[in-house]
Amino acid sequence: MAELTGVAAVTIRRDLAELEELGLLVSTHGGARRVERRGTPKPFRVRQAEDPEAKAAIARTASELIGDDDAVIFDNGTTAQAVAQRLAGRPITAMCLSLHSAAALGAKPGANIFVPGGEVEPDTLALSSVAVASALREFRADVVVLGSCSTSLEHGLATTTYDDAENKRAAMRTATRRILVVAPRKLNHVSTFRFGDIEDLHQLVTTTDAPADILAQIRDLGVQVITVPAGK
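Going by numbering that gives the first Met the number 0, the letters in the sequence shown line up with residues 0 to 231, in that order.
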């Protein structure tokens, strides 16, 4: 690490020790690894910058699973937002659970775009409160595009906040088809608030570098798993 950064080794050791005391990382031989704080949502800009090539490939493939005139729910995740961006200009009817997704979809004319009522979360611009679930009950969707903070064979689908889990559950109940768009690093990872089981899904879109054994077990649950090379 000292060679990569050009910083003195003693400085790096001191900084790593401080970060470890804060619970942000664990020291390893010759380096360190980040600790995933499963109950704490990451800032939106951090999440948006993660896995850019994987998100682009997943979004392109997932967008091809949605037909013209479909009624679609986009949840508030950054990968769902990437799918909405790919669908800009398409003649669909959309219920967007974040203002980011609504803006991405509305970048070109063509879609009928709705957002539920409720409070807007300042960082993610996601909509929350009971008004979201109420609006979703009145919206009959052909498809919901879901993200998850974790997708675990043992613990199911989960996210980091209670409101987000409630919104995802409501969206799943009203949609005929459920598509999960997820980067490989979120497979077999655990988050705090569970919103469903893997077998509740119809399709899962990820990249080809996802663990083959996990994908095989997901297929065994009856889910269509679609993989695409990242960056293609």
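The C-beta atom is built at its ideal place from N, Cα and C for all residues, glycine as well.
Q: Identify whether Ile166 lies in helix, strand or coil by the three-state DSSP scheme.
A: Note on identity: in this sequence residue 166 is Asn, with Ile being the wrong assignment. If DSSP states are grouped into helix, strand and coil, Asn166 belongs with the helices.
Q: Output yes or no for whether 7 Å exceeds the beta carbon distance between Ala70 and Asp141.
A: yes
Q. For Ser127, which residues does DSSP report across the bridge?
A. Glu118
Q. Going by C-alpha distance, which of Ala132, Ser128 and Ala164 is nearest Leu145?
A. Ala164
(Q) According to DSSP, simplified to helix, strand and coil, what is Phe43? (A) helix
Q: Just mark Thr10 as buried or exposed, buried being the case when its beta carbon has 16 or more other beta carbons within 10 Å.
A: exposed
Q. Is it right to say Ser147 is buried, meaning 16 or more other beta carbons lie within 10 angstroms of its own, or is it exposed?
A. buried
Q) Of the residues Pro40, Gln216 and Phe113, which one's Cα is nearest the Cα of Thr191? A) Pro40
Q | Nonlocal neighbours in the same chain, by C-beta distance under 7 Å from Val119, ignoring five residues either side | A | Leu98 and Leu126
Q) Can at least three beta-carbon pairs, one atom from the stretch 133–140 and one from the stretch 153–162, be found at a separation below 8 Å? A) no
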